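Per this note's numbering, the sequence shown starts with residue 87, numbered consecutively.
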Amino acid sequence: MKNFIYYILFVFAILNQSCDDFLGNKPKGYTIPENFEDYSKLMNSQSLANSMSTDAFYLTDDIHLLDDTASFADITYTNQDDHERNLYTFKSGQIYTPGSNDYLWNSAYERIYTFNTVINNVLSSAESNDSEKKRLRAEALFQRAFEFLNLVNIYGRHYNEFTATTDYGIPLIIEDAVVQSYKRATVAEVYKRIEDDLQEASANLAETTPNLYHPNQASLYSFYARLYLYMGRYKDALINAQKALKFNDKLLDLKPYIIKEGKTWGRVQLPDGTELVDRHVNPEAIFVRLQNGRKTIAISKDLDNVFQKDLPQNAVDQRRHLFYADDTVNMGRVDYFYGESCYVLYSDQNVGFSSVENMLIAAECEARIGSKDNAMAYINNIRNNRIINNVALSAANNEEALQYILNERRREFAFVGFHRIIDLKRLNYEDKFKKTVVHQANGETFTLEPNDYRYIFPINQIILNYHPNLPQYDR
């Protein structure tokens, strides 16, 4: 416990402090955790409830930025932050201007440092029993693994069994004391650490928790399902998605909801005025992490076209109707979005785990290695809770079922966490799904080819200044 174990950031160590601050001294004005309750409070910190960010949207085919002739700042190219413009135009090299911090990276490692503090010290804390200590440690292991998976998929090449042992991953920070040198682990090493953390956590996670900001057994199976889908281990992903669905296979029926005119927050309601449920009490939620960032985003014509695909005549996809706005809808003026359609973050998005994700994973895996009819049963169940006047889809073969499922994933997860960017990266390994992303702004066209290293966020130059040994992708 003599190590510096208070909630202090890896990135702050790099950016803001002198070496003397990291030699094991107790920080002035802070309390080093000693009792179990101290660690419990750390794990209940509101700062841990957030994860991911909207930055990754700028590399995808879901977004469109308007020319500077439009005056609505949220959706014009010029009025985005520097790094957002650089991502949108697929700029090579660094995306942050000199001296600017990467808050996605920094915030993730802040949370990881807290989890490391608990993992490495809670078992020796006072005033609790071993069972409770092991449970809290298991929660920290799970959540550290969650952060590692997010980071490696943004700052590394997508998992490829043939190259993962040499592809650059991320620094695997597992200490609760800041050290002077960090190694960039390979993608394979990161995934191995994630599996090891989940395996160690599995014996002590509770079956149920007081709230869904804490992981439980259902979220463990959900995590494995996502992990193995990303790795292309479809049999394992299917098994775990089905196990998770045994805990929770509920869906929120969007069909009864309407739009309340003249409102922003709370605009999606039931006819009796009941607002759309918060993400942490949504019946679909299994493990909750709230997406950082909230803004209006103009959507691409490509995404809008996907919403029209597979839609029966006279049917209404409530995801498009409720969560997107057009010039003439609820804005009070016809030129508000300049002819565009926009996704507006009217409520906090859950980027943790959910029943609908498990259904989509199970469906994709069935289409790839199992039954097309089972795959379509999952999809039709989701669509029956999303689409007014829905008509069940049927697939002639597994390949057609898979295309239906991938379209459904895009509709369901547009502007939710890292789903779309990761789907683009993983599907680009398959010739039939390879896609060139095209963006336009101010009369210029920008293209991102499949498997281009510009899909990968660079490590910020500020970090590299202190750790020049960390290798970079040639993006």
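Built from N, CA and C at the ideal position, the CB exists for glycine as well. Model, not experiment: these values are computed from the prediction.
Terminal residues of the beta strand (DSSP E) in which residue i lies
i, result
"T203", "No beta strand (DSSP E) contains T203, which is instead part of the alpha helix (DSSP H) from Y189 to N207."
"I181", "Careful: I181 lies outside any beta strand (DSSP E) and carries neither H nor E."
"I372", "A371 to F373"
"A478", "Element bounds for A478: n/a, residue is neither H nor E."
"I256", "Y254 to P257"
Where residue i sits in the DSSP three-state scheme
i, result
"F393", "helix"
"Q558", "coil"
"S308", "helix"
"V442", "helix"
"D403", "strand"
"N514", "coil"
"V238", "helix"
"E450", "helix"
"Y116", "A caution first: Y116 carries a pLDDT of 47, below 50, which makes its placement in the model too unreliable to give a value."
"V502", "coil"
"Q303", "helix"
"E486", "helix"
"I491", "helix"
"T140", "coil"
"L152", "strand"
"F543", "coil"
"I455", "helix"
"I161", "helix"
"I474", "strand"
"F248", "coil"
"E225", "helix"
"E293", "coil"
"R243", "coil"
"D339", "coil"
"E286", "helix"
"M87", "In this prediction, M87 scores a pLDDT of 34, lower than 50, which makes its location untrustworthy; the coordinate-derived value is nonetheless stated afterwards. Note: M87 maps to coil in three-state DSSP."
"S126", "helix"
"L313", "helix"
"C105", "Here C105 scores only 35 on pLDDT, less than 50, and its place in the model is too uncertain to base an answer on."
"L298", "coil"
"E261", "coil"
"S217", "helix"
"K278", "helix"
"S131", "coil"
Residues sharing a beta bridge with residue i, DSSP
i, result
"A212", "N121"
"T531", "Q526"
"C428", "A384 and A411"
"N436", "L376"
"Q355", "I344 and E361"
"I508", "Answer is none; I508 lacks a bridge partner."
Residue span of the alpha helix (DSSP H) that contains residue i, given as start and end
i, result
"A463", "K458 to N470"
"I549", "Q547 to Y552"
"A327", "Y320 to F333"
"A271", "Note, A271: premise wrong, no alpha helix (DSSP H); beta strand (DSSP E) at R270 to T272."
"D168", "D168 to Y174"
Whole-angstrom C-beta distance between residue j and residue i, which should lie under 8 Å
i, j, result
"L258", "V276", "6 Å"
"K341", "I474", "5 Å"
"N493", "K395", "6 Å"
"P544", "R561", "6 Å"
"Q377", "D434", "7 Å"
"I508", "N239", "5 Å"
"A135", "Y299", "6 Å"
"Y608", "Y539", "This structure gives no information on residue 608, because the portion of the chain shown stretches from 87 to 561."
"A330", "I372", "7 Å"
"R270", "I260", "Rounded, the Cβ-Cβ distance is 14 Å, inconsistent with contact."
"I468", "L337", "7 Å"
"N215", "M138", "Contact doesn't hold; Cβ gap of about 35 Å is too wide."
"N471", "D358", "Contact doesn't hold; Cβ gap of about 19 Å is too wide."
"T162", "D168", "So it is not a contact: roughly 14 Å between Cβ atoms."
Closer than 7 Å to chain C by CB, residue i
i, result
"A194", "Looking for chain C here will not work: only one protein chain is present."
Please confirm if the segment 301–311 is in contact with the segment 361–369, defined as three or more CB-CB distances below 8 Å between the two stretches.
no
Examine the Cβ distances between the segment 475–488 and the segment 441–459 and report whether three or more of them are shorter than 8 Å.
yes
Any 3 or more C-beta pairs closer than 8 Å across the segment 140–153 and the segment 512–532:
Touching, yes.
Whether or not the segment 224–234 and the segment 188–208 are in contact is what I'm after, with contact meaning three or more pairs of Cβ atoms, one per stretch, closer than 8 Å; do they touch?
yes
Determine, using beta-carbon pairs with one atom in the segment 547–559 and one in the segment 162–175, whether at least three such pairs fall under 8 Å.
Not touching, per the Cβ criterion.
Under 8 Å, with one C-beta from each stretch per pair, do the segment 400–407 and the segment 475–484 reach the 3-pair mark?
yes
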